[in-house]
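In the numbering used here, the protein residues as written are 1 to 243. The structure appears right after this line, and notes come after that.
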Ligand SMILES: [Ca+2]
Ligand SMILES: [Ca+2]
Ligand SMILES: [Ca+2]
């Protein structure tokens, strides 16, 4: 009997921990910026799972029509296409084939956005009608050094930034294995996103926005196991309770 009581006490502690975890998951529903990336991106199929509600953006601007969509205001650079020659670097799939490049070999295709001064950065601001996007991202396709991605909210407030290094391959010849998606979800609305790199020019593509998908971080597998154990114990206790 004594041993059994001890076991119950231990299980009660486990149950308490599981419920505390569940509570913590609940509080994460409050609006906080969630950064996505950098993740490899060769076509729109590489948009991270859960980034958009329903899986698709409201706008995905490949820039292949030679201009930035009217719902976006771009500063720091401009759209470049065939006339720019061999150093333009578009998302790989924009020429219809994932083959490690999207550049000068494909006439009339493979447009991107280029800013010769990467350290001064490039900003895309939502200028459309209607509600601000709650998921906003782009694909960095070329540059040197470290990369910084940041965003602002509805009131112009900073939503934070991430800086990463070790991604740039040092080639300016439209190679795509280095290309990375950067994005941000923020339930209260995102006004603009900015990206810069520490030296040389910067090139981006697939500027995109929509409404955010997944609204809370997915618990780690151990947390799921613990919660399942807690719920299982609850069920057992209900069954075991004398009537
Ligand atoms: Ca290609
Ligand atoms: Ca493109
Ligand atoms: Ca590249």
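Virtual Cβ for every residue (Gly too), placed ideally from N, Cα, C.
Open item on the list: Please state whether the Cβ-Cβ distance between residue 169 and residue 92 is less than 8 Å.
Closed with: Their beta carbons are not under 8 Å apart, which means residue 169 does not touch residue 92 by this criterion.
Open item on the list: Taking DSSP's pairing of strands, which residues face residue 197 in a bridge?
Closed with: DSSP output for residue 197 lists 147 as bridge partner(s).
- [ ] Keeping to the same chain, check which residues put their C-beta closer than 7 Å to that of residue 79; ignore five residues upstream and five downstream.
- [x] Taken in chain order, the residues that qualify are 63, 66, 67, 68, 111 and 113.
TODO: May I ask you to check if the CB of residue 178 is nearer than 7 Å to at least one heavy atom of ligand 2?
DONE: Residue side-chain check: residue 178 keeps its Cβ at 7 Å or more from all non-hydrogen atoms of ligand 2.
TODO: Answer yes or no: the CB of residue 63 versus the heavy atoms of ligand 2, is any distance below 7 Å?
DONE: Taken from the Cβ of residue 63, at least one heavy atom of ligand 2 lies inside 7 Å.
- [ ] Can you grab the Cα-Cα spacing for the pair residue 59 / residue 133, in whole Å?
- [x] Pairing residue 59 with residue 133, the inter-Cα distance amounts to about 10 Å.
Open item on the list: For chain E, check one thing: does any of its Cβ atoms lie closer than 8 Å to the Cβ of residue 205?
Closed with: Of the protein chains in the structure, only one exists, and it is not chain E.
Open item on the list: Pop quiz: residue 149 and residue 182 are said to be a contact at Cβ under 8 Å. What is the actual Cβ separation, rounded to whole angstroms?
Closed with: Contact between residue 149 and residue 182 is confirmed by a C-beta separation of about 4 Å, below the 8 Å threshold.
- [ ] Give the straight-line distance between the Cα atoms of residue 57 and residue 194, rounded to the nearest whole angstrom.
- [x] Each residue's CA atom was taken as its position, placing residue 57 and residue 194 some 18 Å apart.
Open item on the list: Using a Cβ-Cβ cutoff of less than 6 Å, which residues in the same chain neighbour residue 87 once the five nearest sequence positions on both sides are dropped?
Closed with: Excluding positions up to five away in sequence, the list reads 172.
Task: Close-in-space but distant-in-sequence residues of the same chain around residue 175 (CB under 7 Å, 5 per side omitted) - done: Around residue 175: 100, 101 and 169.
Open item on the list: Three Cβ pairs or more, each shorter than 8 Å: is that satisfied between the region 117 to 135 and the region 198 to 213?
Closed with: The region 117 to 135, when compared against the region 198 to 213, does touch it at the 8 Å Cβ threshold.
- [ ] Would you tell me roughly how many angstroms separate the C-alpha atoms of residue 89 and residue 42, rounded to the nearest one?
- [x] Using only the alpha carbons, I get a separation of about 12 Å.
- [ ] Check the DSSP bridge columns for residue 72 and list the partner residues they point to.
- [x] Residue pairing from DSSP places residue 72 in a beta bridge opposite 126.
Task: Residue from 122, 163 and 166 whose Cα sits closest to the Cα of residue 247 - done: The question about residue 247 has no answer here: the residues shown for the chain are numbered 1 through 243.
TODO: Taking all protein chains shown into account, decide if residue 157 is buried (16 or more other Cβ within 10 angstroms of its Cβ) or exposed.
DONE: By the 10 Å Cβ count, residue 157 comes out exposed.
Open item on the list: Suppose you measure from the CA of residue 177 to the CA of residue 164; what does that come to, to the nearest Å?
Closed with: The alpha-carbon atoms of residue 177 and residue 164 are separated by roughly 16 Å.
Task: Where residue 33 falls: helix, strand or coil (DSSP) - done: Judged by DSSP in its simplified three-state form, residue 33 adopts coil rather than helix or strand.
Task: Cβ shell of residue 162 (< 6 Å), same chain only, five flanking positions each side left out - done: The answer, listed in chain order, is 35 and 149.
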